[in-house]
Amino acid sequence: MGHVTDSASDAAARHRALAAVIQQHRFAYYILDSPTVPDADFDRLLRELEQLERDCPELVSPDSPTQQVGPPPGAAFTAVAHPSPLLSLDNAFTTEELLAWRQRVANLAGEEAVERSGYDCEAKIDGLAVDLVYEDGLLVRAATRGDGRTGEDITANIWTVDAIPRRLAGPAPGLVEIRGEAFIPLDGFAALNAELVAAGKKPFANPRNAAAGSLRLKDPKATAARPISFLSHGVGLGDVPGASLSEVYGQLAAWGLPISPLTRPAAVFEEVLFFVEELGRRRHSLGHEIDGAVVKLDDRRLQTELGATVRAPRWAIAYKFPPVEVTTKLLDIRVNVGRTGRV
Numbered sequence: 001m002g003h004v005t006d007s008a009s010d011a012a013a014r015h016r017a018l019a020a021v022i023q024q025h026r027f028a029y030y031i032l033d034s035p036t037v038p039d040a041d042f043d044r045l046l047r048e049l050e051q052l053e054r055d056c057p058e059l060v061s062p063d064s065p066t067q068q069v070g071p072p073p074g075a076a077f078t079a080v081a082h083p084s085p086l087l088s089l090d091n092a093f094t095t096e097e098l099l100a101w102r103q104r105v106a107n108l109a110g111e112e113a114v115e116r117s118g119y120d121c122e123a124k125i126d127g128l129a130v131d132l133v134y135e136d137g138l139l140v141r142a143a144t145r146g147d148g149r150t151g152e153d154i155t156a157n158i159w160t161v162d163a164i165p166r167r168l169a170g171p172a173p174g175l176v177e178i179r180g181e182a183f184i185p186l187d188g189f190a191a192l193n194a195e196l197v198a199a200g201k202k203p204f205a206n207p208r209n210a211a212a213g214s215l216r217l218k219d220p221k222a223t224a225a226r227p228i229s230f231l232s233h234g235v236g237l238g239d240v241p242g243a244s245l246s247e248v249y250g251q252l253a254a255w256g257l258p259i260s261p262l263t264r265p266a267a268v269f270e271e272v273l274f275f276v277e278e279l280g281r282r283r284h285s286l287g288h289e290i291d292g293a294v295v296k297l298d299d300r301r302l303q304t305e306l307g308a309t310v311r312a313p314r315w316a317i318a319y320k321f322p323p324v325e326v327t328t329k330l331l332d333i334r335v336n337v338g339r340t341g342r343v
């Protein structure tokens, strides 16, 4: 009996430690725009916590990182509530996990419904999630994801991004939420870091942090000088025509919102697997960074039926590519001294 108690105590202690570390990393990543560990290390910590909670369900609580999308908004910007939750995505790291997701949605919705739906395949842009609110076609507010329900009001800075229209083209509903990713292309990132270094300032670690830091600048004029771009990848609240996600993307494009050229429909899951494999081969030849692929069911009615967990929709999943950035240990430094005494 004592052994069982000790095991439960050890699991609870490990859970507390993991949760604290993950929350610290999330704060550094989302609020400070200065990640403390590579993405792959963070993913490993989160997956260990998820496994621990599967083994010990009594450890799950509303304040666990597994039940949250991200940290609350920072104090530097006004907090604003999203018209509808802006959730995260569950991750798959192997083909087997991707197939397991496909089986889960088939178990929930029925095999025939999933086959009729088909899929939407997209590149997972490594940027900053942004929620745009248009009223009568006019952009009235923009916010970061935050904790999924409340984000930071970055409207003034988003107004400076040329890729985002201030007014939608053509007729638009009274209210519509557009979800997308703000990012800095690789050539713009290199130029920005060169400028920072020349000015004696610290360069950004990666384009994602450059985009997030640029959209959190206090002066919108400074944001306007940064090479920020944007691609739409979904909608929230609002009446957007289209029975399928593919049709929704067509409407967004008609409104003047940019859509990723790397978005593809897939009638069967074999095409999904082919898209993921092909995108993985091309990931380093694109003009911006991606860290995976996103797979969604295309049928919007089926999306609604499947719904979401507290942190992610059941009808979509992110396939994460192997990390580019990893932690390594410096083992030795060897110095040669030349005949002149120079090192």
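Counting from 1, one number per residue, gives the positions in the sequence shown under our numbering. Glycine included, every Cβ here is placed at the ideal spot set by N, Cα and C.
For tyrosine 134, the closest of Glu112, Ala123, Glu122, Trp159 by C-alpha to C-alpha distance is Trp159. It is roughly 38 Å from the alpha-carbon of arginine 102 to the alpha-carbon of arginine 166. Between the region 221-230 and the region 182-192, the count of C-beta pairs closer than 8 Å reaches three or more; the two stretches touch. Taken through DSSP and simplified to helix, strand or coil, proline 65 comes out as helix.
Taking a 10 Å sphere around the C-beta of valine 268, we find fewer than 16 other C-beta atoms and assign the residue as exposed. Of the residues Phe93, Ala222, Gly137, Asn209, the one whose Cα lies closest to the Cα of glycine 174 is Gly137. Beta-bridge partners assigned by DSSP to valine 176: Tyr134, Gly238.
Closest by C-alpha distance to valine 235, out of Ala28, Pro83, Ala318, is Pro83. DSSP places valine 248 in no beta strand (DSSP E) but in the uninterrupted alpha helix (DSSP H) bounded by 245-254. Pairwise C-beta distances place the region 40-47 out of contact with the region 116-130, as fewer than three of them are shorter than 8 Å.
With 16 or more neighbouring CB atoms inside 10 Å of its own CB, alanine 19 falls in the buried class. Looking at the backbone, the Cα of threonine 66 and that of glycine 250 are separated by about 34 Å.
Under a 10 Å Cβ-count criterion, lysine 296 is classified as buried, with 16 or more other Cβ atoms of the shown protein chains found around its own Cβ.
Where leucine 297 is concerned, the enclosing beta strand (DSSP E) starts and stops at 290-297. DSSP, read as helix, strand or coil, puts proline 220 in helix. Around the beta-carbon of lysine 124, 16 or more other beta-carbon atoms lie within 10 Å, marking it buried.
Taking the Cβ atoms as the reference, arginine 314 lies roughly 4 Å from leucine 306, within the contact range of under 8 Å.
With 16 or more other Cβ atoms from the protein chains shown falling within 10 Å of its own Cβ, proline 35 counts as buried.
The shortest C-alpha to C-alpha distance from proline 203 to any of Val105, Asn193, Ala8 is the one to Asn193.
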